[in-house]
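Structure, as structure tokens:
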Amino acid sequence: MAAKMLGIDIGGTGIKGAIVDTKKGVLLSDRIKYPTPKNATPKSAIKTAMKIIKDLDWEGKPIGAGCPAVVRQGVTKSATNIHKSWIGFPVEKTFAEMVGADVSLHNDADAAGLAELSFGEAKDIPGVCILVTLGTGIGSATFIDGVLVPNTEFGMLKIGDGIAEDYATNRVREELDMSWKDWGNNLNDYLNHLEVLFSPNKIIISGGVCKKFAKYEQYLNTDAEVVPAKLLNNAGIIGAAMGMQRRLDKK
Ligand code: BGC
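Numbering (our numbering), first residue to last: 7 to 257.
See below:
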């Protein structure tokens, strides 16, 4: 099994990529980041990703990518925090055509989950294990005995008067200038809601705010163990690369 794979994480604000050692779950190159074009369509996001491919001399080789949408058979099916043109767009096929190489596309949170499954906190967890990424939106990855149930979108769960994305994201914390205590309590409500619905054995917090875990850990009281992601900010890139590696390994 080849150990080197390019992983690209397409996000609402930045498009990041690096060459990943898929056996060890570490970056083998610089982590390159470009701002996501304003109102990025799939094609404009892919064009930006192509700059990373060029920077890292990865032309013509397989690529794993993640993006903030439901992805079914390579087609993006939702667009909560991205341009509506992503809905129903064959991103995986178009990306492959534009770069002239095989591309595997996953939901970004599912990708982060795959990285944590191989190298981090989701490894060897029996039963249900849920990873939530708390950034602009909420992404989720769900594993049952180590098998990914893709596209779970637990940020869309109703909570209070709205949805979880507008209640427990880092965006909400910043926009409303919430104290760690107030935000931690909101997060706790959300995690308890997940617990009632799915009885996970472990919940993993991913996204930039997982680095600040010590500031809100004390407000969380679920029965399930809650931990910050081990791979921190690189989980999306590493997991995107793992997605392609898994596809190649199955062939
Ligand atoms: C999207 C998810 C995505 C999450 C994190 C949400 O708005 O609906 O698909 O995983 O943001 O980027």
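All C-beta atoms, glycine included, are put in the ideal place defined by N, C-alpha and C. Everything numeric in this text was worked out from a predicted model, so none of it was measured.
What separation, rounded to the nearest whole angstrom, lies between the Cα atoms of Ile-150 and Trp-64? Indexing the sequence shown from 1 puts residue 150 at position 144. Indexing the sequence shown from 1 puts residue 64 at position 58. Their backbone Cα atoms lie some 34 Å apart in a straight line.
Look at the Cβ atom of Ile-244, then the Cβ atom of Val-26, and state whether they are nearer than 8 Å. One-based indexing of the sequence shown puts residue 244 at position 238. One-based indexing of the sequence shown puts residue 26 at position 20. Yes; because the gap between Cβ atoms is below 8 Å, this pair is in contact.
For Ser-205 and Thr-100, what's the separation of their Cα atoms in angstroms? Within the sequence shown, the letter at position 199 stands for residue 205. Within the sequence shown, the letter at position 94 stands for residue 100. About 39 Å.
heavy atom of the ligand BGC below 7 Å from Asn-113 C-beta: What you label residue 113 is simply residue 107 of the sequence shown in a count that begins at 1. Yes; taking the cut-off as 7 Å, the Cβ of Asn-113 has a heavy atom of the ligand BGC nearer than that.
Could you check if Leu-182 is buried or exposed, using at least 16 other CB atoms within 10 Å of its CB as the buried criterion? Reading the sequence shown from its first residue, position 176 is the one you call residue 182. Exposed, by the Cβ-count rule.
Using a Cβ-Cβ cutoff of less than 6 Å, which residues in the same chain neighbour Gly-141 once the five nearest sequence positions on both sides are dropped? As a first step, residue 141 must be located in the sequence shown, where it is residue number 135. Answer for Gly-141: Asn-176, Gly-213, listed in chain order.
For Pro-234 and Lys-217, the rounded distance between their alpha carbons: The count along the sequence shown starts at 1 and reaches residue 217 at position 211. The count along the sequence shown starts at 1 and reaches residue 234 at position 228. Each residue's Cα considered, the two are about 7 Å apart.
For Gln-224, which of Leu-193, Gly-242, Leu-254, Thr-86 has the nearest alpha-carbon? The count along the sequence shown starts at 1 and reaches residue 224 at position 218. Its Cα nearest to that of Gln-224, the residue Leu-193 stands out among Leu-193, Gly-242, Leu-254, Thr-86.
Per DSSP, which one or two residues make a beta bridge with Phe-95? Translated into positions along the sequence shown, residue 95 becomes position 89. Answer is Thr-82, bridged to Phe-95.
Using the three-state DSSP reduction, which class does Glu-201 fall into: helix, strand or coil? The sequence position of residue 201 within the sequence shown is 195, counting from 1. Residue state for Glu-201 is assigned as helix, using DSSP reduced to three classes.
Could you check the C-alpha separation between Val-32 and Glu-122 for me, to the nearest Å? As a first step, residue 32 must be located in the sequence shown, where it is residue number 26. As a first step, residue 122 must be located in the sequence shown, where it is residue number 116. Rounded to the nearest angstrom, the two C-alpha atoms are 12 Å apart.
Give me the Cα-Cα distance between Arg-37 and Gly-145, rounded to the nearest whole angstrom. Your numbering for residue 37 matches position 31 in the sequence shown. Your numbering for residue 145 matches position 139 in the sequence shown. The straight-line gap from Cα to Cα measures roughly 22 Å.
One or two residues paired with Lys-221 in a DSSP bridge: Sequence index remark: in the sequence shown, residue 221 carries index 215 (1-based). Its beta-bridge partners do not exist; DSSP assigns none.
Mind the definition here: the region 88-107 touches the region 161-172 only if three or more C-beta pairs lie below 8 Å; say whether that holds. Using a Cβ-Cβ distance cut-off of 8 Å, the region 88-107 and the region 161-172 are not in contact, since fewer than three pairs of beta carbons, one from each stretch, lie closer than that value.
Assuming Leu-226 contacts Gly-190 under a Cβ cut-off of 8 Å, what Cβ separation, rounded to an integer in Å, is found between them? On the sequence shown, position 220 is the one that residue 226 refers to. On the sequence shown, position 184 is the one that residue 190 refers to. Contact holds; Cβ gap of about 7 Å.
On the CB-based measure, 16 or more other CB atoms within 10 Å of its CB, does Lys-60 come out buried or exposed? Taking the sequence shown and counting its residues from 1, one reaches residue 60 at position 54. By the beta-carbon neighbour count (other beta carbons within 10 angstroms, threshold 16), Lys-60 is exposed.
What residues match up with Leu-154 in a beta bridge as DSSP calls it? For this step, residue 154 is matched to residue 148 along the sequence shown. In the DSSP output, where bridge partners are listed per residue, Leu-154 has Phe-149.
Would you check if the distance between the CB atom of Trp-258 and the CB atom of Ala-102 is smaller than 8 Å? With the chain covering 7 to 257 only, the question about residue 258 has no answer from this structure.
Note down the Cα distance separating Met-7 from Lys-83, rounded to an integer number of angstroms. Along the sequence shown, one-based indexing puts residue 7 at 1. Along the sequence shown, one-based indexing puts residue 83 at 77. Residue confidence for Met-7 is low, a pLDDT of 49 falling below 50, so the modelled location carries little weight and cannot support an answer.
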